[in-house]
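Have a look at the structure below, then the notes.
Numbering (the numbering used here), first residue to last: 23 to 262.
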């Protein structure tokens, strides 16, 4: 097994829930892995208990275990080097002290020293997405000696596009990754998350997500792409 210093670049994906990482940048993650980059994933909320009236994690041990196994399988398909699942409350991250979330993200950055960080867009409908994005921005503040040279925000189907433009920052991508050669791996990884997927024409269906990738690709003249908003890029000879 490779050590972290054996890779060309180091990438950290910070997502709110299991499946968000694949929805947002799964094909890009696979592209990084194929290119010899280290990909680490941090998922912050447990992703199940919001479906009940009250949060009782003990009553959902089986479902939480199944979702954790699905996350591992999906990330293995993409070639992820490290996957960490945290247990912040699902769809209740606005009830958590922001500093507690920031500290978890900072620890992941300290552990992996990523050159590139991917996370949610600030305009998503889902409150957990927004809280995670805020925590990542705080953890990646550009102080002297910062390891993070590029910060990108992804779109998550059934959250990013559901926010009316008048209600929050609109997702206007200006960074496109050509994922024509790895889109199939994203779709396979999403199939591993079968319990989280929906039937077409729901935007979180396999068919809709392939259509989205094809549409994003057509915008920039390739077969398939994933789209991002560039938050920050610090250019220099140490970043490819």
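No residue lacks a Cβ here, since even glycine has one placed at the ideal position from N, Cα and C.
Query                                                                                           : Result
Supposed contact pair residue 147 and residue 181 - C-beta distance, whole angstroms, cut 8 Å   : 5 Å
Inter-residue spacing [alpha-carbon to alpha-carbon] between residue 168 and residue 125        : 16 Å
Three-pair Cβ contact test at 8 Å for the region 52-64 versus the region 123-142                : yes
Residue 142 - DSSP class collapsed to helix/strand/coil                                         : strand
Separation of residue 176 from residue 77, as counted between CA atoms                          : For residue 77, the predicted structure reports a pLDDT of 48, less than 50, and the residue's modelled location is therefore unreliable. A value from the coordinates is still provided. If you take the alpha carbons of residue 77 and residue 176, they lie about 28 Å apart.
Bounding residues of the beta strand (DSSP E) (the contiguous stretch that carries residue 197) : 197-200
Helix, strand or coil at residue 265 according to DSSP, with G and I counted as helix           : Beyond the ends of the chain as shown, which are 23 and 262, falls residue 265; an answer cannot be given.
Member of 192, 55 and 127 whose CA lies at the smallest distance from the CA of residue 98      : 55
Residue closest to residue 213, alpha-carbon to alpha-carbon, out of 31, 166, 89 and 67         : 89
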